[in-house]
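Just below is one structure, and these are the notes that go with it.
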DNA sequence: CCTACCGATCGGTAGG
DNA sequence: CCTACCGATCGGTAGG
């Protein structure tokens, strides 16, 4: 009889389904936002019926939290690894950070903040904020802190940007990148400076933040 | 008999109601976003019943468009006036721009872009994008263009930031400002450099973008 | 400018 | 893991 199939087999299937739901939910939440994604869309995207979601997750918000928990774990690993590469300069590490976040948090980071503030129940906010701080803010901040300690970046006492604000500035440029490429294609036919190396928006944005836009260029090239 | 009340009187009342709806809708849409705002919330906020909205506006999206039309007209006037102040430096004018947009578009600018992309019917997108370009992008871009012409900012051919990208970079920092002040209060106790003038986030962000974060400070102070 | 109400869809539950 | 279904709420309409 098939019921002597071991519990581990059952659990494996069940776990596989749970992970399929999480994957589908992650993709949808990141692309469309919490409110625009319905539980039925998630179910259909992974080939199950909607009420099944409530067997694996107690409600929609918990599913959302779980998605972010997974994403946060992955981000933390990746970003801490990048931050620890002492052999690479601060701008190079920041470019890697931007590239990683751009493909990971596909859309803008501020959609997430909007949801945190307006769509998510207050009782869940603290947990999500902590996830975000530990997995995103702290690793990036450590790069800026190191840049200041090394004398490469101005310290706040010299009128420099405090590391946490610098981190938020960097993160906010992520939403920018999708904004500008969507609004129109200024970036592709950048007809002056992109003859030696192909254009990389991540590097470009980091260079702008670090070196500014003012004349008398500092830029090493 | 009261029915000889002139049509202009009737129209005035009707116009007044229409404007009350627009004001309520603007405040709610800016704060909560298109999807989170229900037509019943708008109606209640201005003291009418929900079906009345459909006498003044053909549907929710049209109301949303009309709100943005009004906002765009006001922004265009304000921003073009700021851009035209030849007596003020580029950073000073940009600080005024940031201050204006911060109080006008209260929340993040990228919420608007998200809605443009995912919540608004394609047939309405083009009109809204045009509004945004004419009232926000173009005036700000002209400030950056002037800064480049004057030799204050690097031109794109010297590795500088193209004016349109610079504009989007500036706009993206607006969402940042709300992000960072919400996440925690790094900004208030900025314990090094803020003894001479009170801390102004708008000016601070503009200075960062223009002069960068790198050491060997250029900053005039 | 309102009352009354519609079809659709949402998050979530019952019961197996 | 499903079928069947719930109460609530949404955008929008009928009719006056």
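Protein chains in written order, with this note's numbering: chain A, 1 to 221; chain B, 1 to 221.
Here a beta-carbon is modelled for each residue, glycine too, at the ideal position from N, C-alpha and C.
Query	Result
Three-pair Cβ contact test at 8 Å for the segment 31-41 of chain B versus the segment 102-120 of chain B	yes
The segment 144-156 of chain A in contact with the segment 81-90 of chain A per 3-pair CB rule at 8 Å	yes
Chain A residues whose Cβ lies nearer than 7 Å to that of residue 153(B)	213, 214 and 215
Which residues DSSP lists as bridging residue 214(B), in chain order	153(A)
Stretch pair the segment 153-164 of chain B + the segment 99-108 of chain B: three plus CB contacts closer than 8 Å	no
Backbone CA spacing between residue 73(A) and residue 135(A) [nearest angstrom]	7 Å
Chain B residues whose Cβ lies nearer than 7 Å to that of residue 83(A)	None at all; the shortest Cβ gap to chain B is about 17 Å.
C-beta atoms of residue 47(B) and residue 209(A) nearer than 8 Å	no
Between the CA atoms of residue 65(A) and residue 174(A) - distance to the nearest angstrom	22 Å
Local Cβ density within 10 Å of residue 86(B), reported as buried at 16 or more and exposed below that	exposed
Simplified DSSP assignment, three categories, for residue 24(B)	helix
Interface residues of chain A facing residue 199(B) [CB-CB closer than 9 Å]	Residues of chain A passing the Cβ test: none, with the nearest at roughly 11 Å.
For residue 54(B) and residue 171(A), the rounded distance between their alpha carbons	40 Å
Selection of the segment 8-34 of chain B by Cβ proximity to chain A, strictly under 9 Å	31, 32 and 33
Helix, strand or coil at residue 37(B) [DSSP, three-state]	coil
Beta-carbon separation (whole angstroms), residue 80(A) vs residue 139(A), contact threshold 8 Å	5 Å
Local conformation of residue 119(B) per DSSP, three classes	coil
Contact with chain B by residue 65(A), beta-carbon distance below 8 Å	no
Neighbour list for residue 47(B) in chain A, Cβ cutoff strictly below 8 Å	None at all; the shortest Cβ gap to chain A is about 24 Å.
Inter-residue Cα distance where the pair is residue 18(B) and residue 77(B)	22 Å
8 Å Cβ cutoff met for residue 98(A) and residue 214(A)	no
Backbone secondary structure at residue 105(B) - three-state DSSP	coil
Delimiting residues of the alpha helix (DSSP H) encompassing residue 230(A)	Only positions 1 to 221 of chain A appear in the structure, and residue 230(A) is not among them; the question remains open.
Environment of residue 162(B) [buried if 16+ CB atoms lie within 10 Å]	buried
Interface residues of chain B facing residue 209(A) [CB-CB closer than 9 Å]	169, 208, 209, 212 and 213
Cβ of residue 62(A) within 8 Å of any chain B Cβ	no
Chain-order list of residues whose beta-carbon lies under 6 Å from that of residue 26(A) (same chain, five-residue window excluded)	67
For residue 20(B), the nearest candidate out of 39(B), 43(B) and 37(B) (CA to CA)	43(B)
Under 8 Å between C-beta atoms of residue 143(A) and residue 83(A)	yes
For residue 62(B), the nearest candidate out of 123(B), 14(B), 169(B) and 132(B) (CA to CA)	123(B)
Contact under 8 Å by Cβ, residue 45(A) with residue 28(A)	yes
Residue span of the alpha helix (DSSP H) that contains residue 53(A), given as start and end	53-56
Below-8 Å beta-carbon distance, residue 105(A) vs any chain B residue	no
8 Å Cβ cutoff met for residue 75(B) and residue 202(B)	no
Secondary structure of residue 162(A), DSSP reduced to three states	coil
Cβ distance (whole Å) where residue 110(A) is taken to contact residue 110(B) below 8 Å	5 Å
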